[in-house]
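K.L.:
My questions will all concern the structure given below.
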Amino acid sequence: MAQVTLRKVIKKYDEVLAVRGIDLDITDKEFIVLVGPSGCGKSTTLRMIAGLEEITGGDIAIGGDVVNDVPPKDRDIAMVFQNYALYPHMNVYENMSFGLKLKRTPKNEIDRRVKQAAQILDITELLDRKPKQLSGGQRQRVAMGRAIVRDPKVFLFDEPLSNLDAKLRVQMRTEIKKVHQKVRTTTVYVTHDQVEAMTLADRVVVMNAGLIEQVGSPNDLYHSPATKFVAGFIGSPAMNFIPCHLEQAAGALRVRLSDTLAFPVPADRTTRYSSHAGKSNLVLGLRPEHIIETRPHVEPNQHDFENVIDVVEPMGMETLVYFTIAGAEICGRVNPNAGATAGKVMKLRADLSNMHLIDDGTGRVL
Amino acid sequence: MADVVARDLRVPARSGQLTLHKFARRKSTIAFLMALPLITIVLCLVVYPALYSIHLATLNKSMQHFVGFGNFEFLFRRNTFWMVVEQSLLFAITAVIFKAVVGFIVAHFVHNLPAKGQRKWRGMLLIPWVIPPAMSTLAWLWLFDPSYSAFNWILEHIGIDHVAWLGETGWARFSVILVNVWIGAPFFMIMYLASLKSVPEQLYEAAAIDGATWWQRIWYVTLPMMRNIIAITALFSLIVTFANFDIVRVLTKGDPLNTTHVFATWAFRVGIESGDIPLGASVSLFMVPILAVAATFILRDITKRGSEV
Amino acid sequence: MADAAIATTAAATPAHGRYGSISRDRRWALRWSYFFLVLFAIFFLMPPVYMFITSLKSSAEISAATNPWWVYSPTLSNYIELLTQNQYLTFFRNSAIVSVFVVIITMVISVIAAFALARMRFWGSAALATGVFLTYLIPDTLLFIPLFKMFAWVNETFDIQLMNHWWTLMILYPTLTVPFATWIMIGYFASIPKELDEAALIDGATWFQTLTKIFIPVALPGIIAATIFTFTVAWAQFLYPLAFTTSTSELVLPVGIVTTLIKGDVFNWGQIMTGALLGAAPPLIIYAFLMDYYIAGLTAGATKG
């Protein structure tokens, strides 16, 4: 069983706390992604799991055994680095078999494992080439092959796709997912790209400033973020945050964005929000896909309004419109044929069924 | 939940397991041992002799008595000593300036060539630096020979008087500097060539668009970008040229009349040939303040660059 | 859109348009470059060529003072005499043995020390690295006198005679070669990405295996460059052997040629030049074959410093 457990893990560099107490339970065969902005401690956490960094406080256990003092080679892990870290003077076959050779695995066993991994990754024709003769995507595959060959308990990926161009990244993302389906091993994957996190993970761990903000499935994080940070981090284009007031008028709750604009709160949320009416420091969170162009049929909780459009970005399958409400820049996703023009007023529709109300003081989603 | 987790985790037994702390400490000691031969050599054969020479300089000729600054006072009163100081500085500064200029010019010309040709020319032009200085200085000695100088033969044929390359003070000093430049300029060329290649082509294009002539391009683009390399090679070369022994020793042995002696050769004459070791040590020691000044400049420059990066 | 394109091409083709003048500039720059480079090449290559010319002359031709730049009756007598004489061969042998051993000693010490300093952080490693670099700045001309006295002391105390033995040089030369070689190697090792170490660590390599199976192969160009330099410096040494070896049987090549072939007032220039040329041969031959490593080592060591 290859579950990974982190209990109150702390990492201190001199006087700086890079990781400030992490508790995480990763189940066997799970693909979990640590995501967050640079400096949030995700790479440090991964390296502590690998044994490349000493653990200042807390425990890390792999497969039930605490591994705090166990050197990397005995932890039964394999790692794929951002810069692939392929040995430049060895060919692909030697790169993949280096670890096994050091363990004195018999030759035919090495051969079997290398050929098997090469087949999974479709690199069999590259076995006698040197790294400098390979493209970025091929090198990444060799790096994964090196990891697969070791047949470890846990795969660790440290931002493996950051060095690839955008198109290749999308390709390799799918490759990695396919490999995980074939080789069902517990995987801990670190990235700063939330799209990678969403597409690859069984569960996503959003980290910020050395702490975990939220753990959950991609859908949970997208639709039910727990904090403002998670709400703004997940999803592209990012969620719109508009400072607002909650007014109670004639038994109905309304979200007031400006002197001229206020939306009624959906009925199913009135009980949840009513206790916060009148509070200052409230922010309305609304995703761009919930601000659309007006359509003939009005659904419940949809409300029309008008605004001058600042910038129009045609994306092909949709058009992004940017406009300002009460000083906040808002993004909406409209149909490309809706006639959005910069500088002109446009009729828009806000769908509040998926609104989020955030307490800006605590950062929590109410 | 936490309890269940706690009970499920097994902590390995301490015995026989290398804790990460012990591992790190062992790494430190291993590393120290690996650097030990280097440290030993440097301490015993560089640092200790350097300090020992200070002690030696305070003894009398037979090394029985302590004479304090006696040797230094003696030197200060000797005319030859001051000539040596002047000559050492003269050779070092002049030679380095010429080496830098020649090196820079040649580097520029080589840089203009197409890439394939560069390799051949680079190879040819570095040869003076590859030949052991003692050997090539012999060749120059022969070229400057009072009776058979090949240069004088050419001069004769174009109607100019023979030159006493090594016999007259002025010419002898010129010859020493010339050989110094001949041996050292290729090194500068190679360094400058490498540095020239690292100047982005786009800077020159921008300058050309701004209307700069070739001279202005050199002054405003090339030289500032190469400032670091120019400074470092110049300082290095100053130290090496200042302390040079081989060239003067083989070419002139310090003559005529001690007018080409430098610290190294005079220390050798005084210390080993005349057998007065403390006096020789005193002479050598005078190089220290000048070398120390140059070394501080280099160190400052390097650490400054290091913090810029 | 199309009009703009036509306009720019029209502007580019007039008689004194920018494009035309740049390529003409380039051609003239090239011609001047070659011209001056030939002049400089003559300056730089003239002495070795002259050495070669003289080496083919008999003593008679030299004293006849004919055109020094041409050989009228070339002869290999100088070469034959020198190479059949025991003395010269002894010099060559001494130089060769000393140089080879110094190279081995230096490379072993330097590679291991450089690995420790570049990769393993221990107390004082940064200071030591700078210190290594600084010792390179203390010239041998400062140290030879105290060393002279130190050897005398060793003789008195331990009854080991260090003076006048060519193998003493094997102890001395490393002081000149190790700091520079270490410095070059530190530069090369430092440029190896840290992830490579970590990958090796995860693959299960010990420090020693990381050094031998990863670092040394990857830093091989640097090792070759450092080896070449060490050899060249050791071979060319003049001051230390001059100070510490006096008997003919113990001399190395540079000293041997300068001191023995100049007997009193009689200079046998033919033989001297031959001796000098043969003495310059090993570094030159190595240079001819491994020139790229040589140059790479020089520039890498400097640009990293």
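Protein chains in written order, with my numbering: chain Y, 592 to 957; chain Z, 18 to 326; chain L, 3 to 307.
Glycine included, C-beta positions come from ideal geometry on N, C-alpha and C.
So, are the CB atoms of P561/Y and P905/Y less than 8 Å apart?
P.N.:
In this structure chain Y extends from 592 to 957, so residue 561/Y is not present and cannot be described.
K.L.:
Name, please, each residue of chain Z whose Cβ falls closer than 7 Å to the Cβ of G281/L.
P.N.:
The sequence position of residue 281/L within the third sequence is 279, counting from 1. Neighbours of G281/L on chain Z, chain order: P149, M152.
K.L.:
What residues of chain Y sit near V220/L, judged by a beta carbon separation below 8 Å?
P.N.:
Position 218 of the third sequence, counted from the start, is the residue given in the question as residue 220/L. Within chain Y, the residues near V220/L are Y678, P679, H680.
K.L.:
Quick one: what's got a C-beta closer than 7 Å to V134/L's C-beta in the same chain, skipping five residues either side?
P.N.:
Residue mapping note: residue 134/L aligns to position 132 of the third sequence, counting from 1. If we look at V134/L and ignore the five residues flanking it on each side, its Cβ neighbours are P181, T184, W185.
K.L.:
Against chain Y, does G206/L count as a neighbour if the rule is that its beta carbon must be under 8 Å from one of theirs?
P.N.:
The residue you call residue 206/L lines up with position 204 of the third sequence. For G206/L, the answer is yes, since a Cβ of chain Y falls inside 8 Å of its Cβ.
K.L.:
Helix, strand or coil: which one does DSSP assign to Y296/L?
P.N.:
Along the third sequence, read from residue 1 onward, the residue named residue 296/L stands at position 294. Here Y296/L sits in helix by DSSP.
K.L.:
Using a threshold of 8 Å, state whether the C-beta atoms of V795/Y and V956/Y are closer than that.
P.N.:
The residue you call residue 795/Y lines up with position 204 of the first sequence. The residue you call residue 956/Y lines up with position 365 of the first sequence. Not in contact: V795/Y and V956/Y (Cβ atoms no closer than 8 Å).
K.L.:
If you follow the alpha helix (DSSP H) that P148/L is part of, which residue opens it and which one closes it?
P.N.:
As a first step, residue 148/L must be located in the third sequence, where it is residue number 146. 142-160 is the extent of the alpha helix (DSSP H) around P148/L.
K.L.:
Can you look up G307/L in the DSSP assignment and give me helix, strand or coil?
P.N.:
Taking the first residue of the third sequence as position 1, residue 307/L is located at position 305. Interpretation of G307/L is limited by its pLDDT of 37, a score under 50 that renders its predicted location unreliable; the figure taken from the coordinates is listed afterwards. Residue state, collapsed to three classes: coil.
K.L.:
Does any CB atom of chain Y fall closer than 8 Å to the CB of Y200/L?
P.N.:
For the purposes of this step, residue 200/L is taken as the residue at position 198 of the third sequence. The sequence given here places Glu at residue 200/L; Tyr does not occur at that position. Chain Y contact via Cβ: present.
K.L.:
Quick one: does A281/Z have its CB under 8 Å from some CB of chain L?
P.N.:
As a first step, residue 281/Z must be located in the second sequence, where it is residue number 264. So, interface residue.
K.L.:
With 8 Å as the threshold, decide whether the Cβ of D263/Z is near any Cβ in chain L.
P.N.:
On the second sequence, position 246 is the one that residue 263/Z refers to. Yes, D263/Z lies at the interface with chain L (some Cβ there is under 8 Å from its Cβ).
K.L.:
Around the Cβ of H72/Z, are there at least 16 other Cβ atoms within 10 angstroms (buried) or fewer (exposed)?
P.N.:
The residue you call residue 72/Z lines up with position 55 of the second sequence. Classification of H72/Z: exposed, given that the 10 Å Cβ count is below 16.
K.L.:
Confirm the yes/no value for this check: CB of G823/Y, any heavy atom of the ligand COA, distance under 7 Å.
P.N.:
You won't find the ligand COA in this model; it holds no ligand whatsoever.
K.L.:
Between I714/Y and V740/Y, is the Cβ-Cβ spacing less than 8 Å?
P.N.:
Within the first sequence, numbered from 1, the residue matching residue 714/Y stands at position 123. Within the first sequence, numbered from 1, the residue matching residue 740/Y stands at position 149. Cβ atoms of I714/Y and V740/Y: not closer than 8 Å.
K.L.:
Take the Cβ of W30/L as the centre, count every other Cβ of all protein chains shown within 10 Å, and call the residue buried at 16 or more, exposed below.
P.N.:
If you number the third sequence from 1, residue 30/L lands on position 28. By the 10 Å Cβ count, W30/L comes out exposed.
K.L.:
Taking any Cβ of chain L, which residues in the stretch 646-678 of chain Y have a Cβ under 9 Å from it, in chain order?
P.N.:
Answer in chain order: P662, P663, K664, D665, R666, I668, A669, M670, F672, Q673, N674, Y675, A676, L677, Y678.
K.L.:
Mapping DSSP to helix, strand and coil, what is R695/Y?
P.N.:
By 1-based counting over the first sequence, the position of residue 695/Y is 104. Three-state result, R695/Y: coil.
K.L.:
For a minimum of 4 consecutive residues, which ranges assigned as the alpha helix (DSSP H) are wholly contained in the stretch 195-271 of chain L?
P.N.:
Complete alpha helix (DSSP H) runs here, min 4: 196-205, 222-238, 241-246, 255-262.
K.L.:
Looking at chain L, is there any beta carbon in it that lies within less than 8 Å of the beta carbon of I175/Z?
P.N.:
Position 158 of the second sequence, counted from the first residue, corresponds to residue 175/Z. False, the Cβ-Cβ gap to chain L never drops below 8 Å.
K.L.:
With a cut-off of 8 Å, does the C-beta of P195/L fall near any C-beta of chain B?
P.N.:
Given the protein chain composition of this structure (Y, Z and L), no chain B is represented.
K.L.:
Please report how far the alpha carbon of P285/L lies from the alpha carbon of P149/Z, in whole angstroms.
P.N.:
Here residue 285/L refers to the residue found at position 283 of the third sequence. Here residue 149/Z refers to the residue found at position 132 of the second sequence. Straight-line Cα distance between these residues: approximately 8 Å.
K.L.:
If you draw a straight line from the C-alpha of I623/Y to the C-alpha of N945/Y, how long is it?
P.N.:
Counting from one through the first sequence, the residue named residue 623/Y turns up at place 32. Counting from one through the first sequence, the residue named residue 945/Y turns up at place 354. Using only the alpha carbons, I get a separation of about 26 Å.
K.L.:
In whole angstroms, give me the CA-to-CA distance for Y864/Y and A941/Y.
P.N.:
Your numbering for residue 864/Y matches position 273 in the first sequence. Your numbering for residue 941/Y matches position 350 in the first sequence. About 19 Å.
K.L.:
If I'm right that V198/Z touches V119/Z with Cβ under 8 Å, what's the distance once you round it to whole angstroms?
P.N.:
On the second sequence, residue 198/Z is found 181 positions in, with the first residue counted as 1. On the second sequence, residue 119/Z is found 102 positions in, with the first residue counted as 1. Between V119/Z and V198/Z the Cβ distance is about 6 Å, and since that is below 8 Å, they are a contact.
K.L.:
Flag this pair as touching only if the stretch 719-731 of chain Y and the stretch 240-252 of chain L have three or more C-beta atom pairs under 8 Å; answer yes or no.
P.N.:
Result no; under three Cβ-Cβ pairs closer than 8 Å.
K.L.:
Using only the alpha-carbon positions, how far apart do M165/L and Y684/Y sit?
P.N.:
Mapped onto the third sequence, residue 165/L falls at position 163. Mapped onto the first sequence, residue 684/Y falls at position 93. Whole-angstrom Cα-Cα distance: 56 Å.
K.L.:
Please list, in chain order, the residues of the stretch 221-235 of chain L that have any C-beta partner in chain Y closer than 7 Å.
P.N.:
The stretch 221-235 of chain L vs chain Y, Cβ under 7 Å: nothing.
K.L.:
Residues of chain Y with CB closer than 7 Å to the CB of I216/L, please, in chain order.
P.N.:
To locate residue 216/L, count along the third sequence from 1; it is residue 214. Within 7 Å Cβ-Cβ: Y678.
K.L.:
I need the boundaries of the alpha helix (DSSP H) containing A641/Y, first residue and last residue.
P.N.:
Translated into positions along the first sequence, residue 641/Y becomes position 50. Looking at the DSSP string, the run of the alpha helix (DSSP H) that includes A641/Y is 633-641.
K.L.:
Nearest CA to the CA of S75/L: which residue from A207/L, G272/L, A98/L, F93/L?
P.N.:
For the purposes of this step, residue 75/L is identified with residue 73 of the third sequence, where counting begins at 1. Measuring from the Cα of S75/L, the nearest candidate turns out to be G272/L.
K.L.:
With distance defined between alpha-carbon atoms, name the residue in L149/L, S251/L, G189/L nearest to F285/Z.
P.N.:
Residue mapping note: residue 285/Z aligns to position 268 of the second sequence, counting from 1. For F285/Z, the nearest C-alpha among the options comes from L149/L.
K.L.:
Under 8 Å Cβ-Cβ, which residues of chain L neighbour F746/Y?
P.N.:
The residue labelled residue 746/Y in the question sits at position 155 within the first sequence. The contacting residues do not exist; F746/Y stays about 12 Å from chain L at best.
K.L.:
Apart from the five residues on each side of it in sequence, which residues of its chain come closer than 8 Å, Cβ to Cβ, to Q104/Z?
P.N.:
Position 87 of the second sequence, counted from the first residue, corresponds to residue 104/Z. Taken in chain order, the residues that qualify are R190, T276, T277, H278, V279.
K.L.:
Would you identify the three-state DSSP class for F45/L, choosing helix, strand or coil?
P.N.:
Taking the third sequence and counting its residues from 1, the one referred to as residue 45/L is at position 43. Of the three classes helix, strand and coil, the one that applies to F45/L here is helix, per DSSP.
K.L.:
May I ask you to list the residues that DSSP assigns as paired with Y913/Y?
P.N.:
Counted from its first residue, the first sequence places residue 913/Y at position 322. Answer is V902/Y, C922/Y.
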